[in-house]
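Using mature numbering (1 follows the signal peptide of the UniProt record, and there is no 0), the letters of the sequence shown map in sequence onto residues -20 to -1, 1 to 327.
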Amino acid sequence: MKKSLIALAVLAAAAGSAQAQSSVTVYGVLDMAFNAENNGQFSKGKGNIFSLDSGVQSGSRLGFKGSEDLGNGLKANFKLEMGVQADTGASAQGGLAFGRAAWVGLSGDFGAVQVGRQNKPIFDAVDAVDPFSTGIIGGSATDSTSATGLGNLLFATNPRSNNTINYTTNNLSGFTGSLAYSAGEQAGNVGSGRGIGVSASYAGGPLLVTGAYHADNNVAVVTNATKTAFIGATYDFGMAKGALSVGKVKTDNDSVAYKLWSVGVTVPVSAAGAVISSLTMVKNDVVSSDNASNQFALGYTHSLSKRTNLYTSVSRLKNDAKVNAGGIASGIGATERMFNVGIRHMF
């Protein structure tokens, strides 16, 4: 009996040690909202679209992430994250099984390396500065995917990339940096479809400053790369948090060329609620006149608990006669008005 008890104790200790050395977390987000949009496509009163959409503040998702302690400060890490259209049960990101993330990597004293499908460094930079956290505003009614906030007006290419190797430094007295390379995987031409991204950030006290650059080569025409640059900062004054950012997008053949400026503020109005506002201006350099777009947005979030919150927003995107920032369905020169109210639960 004594030997059996000792054996059980040894097995329990071994199991506890193994459990401490590796971990797997299952997590997710369910986000549903009522959207009302007038995209200016029809005469007054006839261009309204009403819908129930998934992932307006944050993309609805189911994820698995974990790490294994390999000793001497080295860890193996992984993440699998699938987008879900909660209004229909379908897969998001074009039906990909794990369209939000699918990577494995190592981390340690050297930083972290991740290999697979993941966010571009420039997307993480924009998300950190945008008062709406690349959500709530943007997109369109009936589009069951996360609205992209500031990114809706900035990104000319997908904010995620396949076949990517990403290196991120550890926090060095507030400074961090990332470097990403995405293989185009085109036979006979290494540069075709290739992507390269870099970012750098400083976070200290109430201040955050970040900048990023990304270049995506075209598969068909290698020399016609789409290049995106972004610089932004936030400062928490206590009674309010301000945000300021600028961006530029350009293709090598100048078929796409525009600049973006944005200013925003987040004002806590209670322990649970905050008012969010932003003004974004876009200038299209491809045309010489009637080339400006302006978006004003006002939102409110209210936490019911640490995992559940309500949100709402109104926004207006006005395009001059020769431009269509945001890709409004009704086309060039349109004005889009959006209203939403939703609930988000994280588990």
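Virtual Cβ for every residue (Gly too), placed ideally from N, Cα, C.
Remember, predicted model here, so these are calculated numbers, not experimental data.
Annotation: the segment 241 to 275 contains the following complete segments of the beta strand (DSSP E) (minimum length 3 residues), in chain order: 253 to 264. With respect to the C-alpha of Ile102, the residue from Glu316, Ser235, Val229, Gly185 having the closest C-alpha is Val229.
Restricting attention to beta strand (DSSP E) runs no shorter than 3 residues, the segment 113 to 168 encloses them at 140 to 148, 155 to 162, ordered along the chain. Counting along the chain, no alpha helix (DSSP H) covers Phe327, and no H or E run does either.
Rounded to whole angstroms, the gap between the alpha carbons of Gly279 and Asn304 is 23 Å. Cβ-Cβ separation between Val321 and Ser225: approximately 27 Å, too far for a contact (criterion under 8 Å). Under the 10 Å beta carbon count, Glu316 is surrounded by 16 or more other beta carbons and is classified as buried.
By the 16-neighbour rule on beta-carbons within 10 angstroms, Thr68 is exposed. It is roughly 29 Å from the alpha-carbon of Thr246 to the alpha-carbon of Ala72. Scanning its chain for C-beta atoms nearer than 6 Å, with the 5 sequence neighbours on each side dropped, one finds around Ala66 the residues Leu10, Met12, Ser34, Ser40, in chain order. Judged by their CB atoms, Thr190 and Ala105 are nearer to each other than the 7 Å cut-off.
In this structure, the straight-line span from the alpha carbon of Pro248 to that of Thr206 is close to 38 Å. Taking a contact to require three or more Cβ pairs closer than 8 Å, the segment 42 to 53 and the segment 76 to 96 qualify as touching.
Excluding five sequence positions before and after Gly175, the CB atoms of its chain that fall closer than 6 Å to its own CB belong to Ser141, Ser162, Asp196, given in chain order.
Annotation: the continuous alpha helix (DSSP H) that includes Gln1 extends over -19 to 1. Here the alpha carbons of Val178 and Tyr193 stand approximately 5 Å from one another. Between the alpha carbons of Thr144 and Thr137 lies a gap of roughly 15 Å. A straight-line Cα-Cα distance of about 6 Å links Phe155 and Ser181. The beta carbon of Met318 is closer than 6 Å to those of Glu17, Ser295 in its chain, skipping five residues each way along the sequence. In the assembly as shown, Pro111 is a buried residue. Its beta-carbon has 16 or more other beta-carbons within 10 Å. Note on geometry: alpha-carbon atoms of Ile323 and Asn233 lie some 43 Å from one another. A direct Cα-to-Cα measurement between Leu159 and Ala314 gives close to 38 Å.
Shown here, Asp196 sits in a strand according to DSSP, grouped into three states. For the 7 Å CB-CB criterion, Ala309 and Asn19 form a contact.
Bounds of any beta strand (DSSP E) do not take in Val303, whose DSSP letter is neither H nor E.
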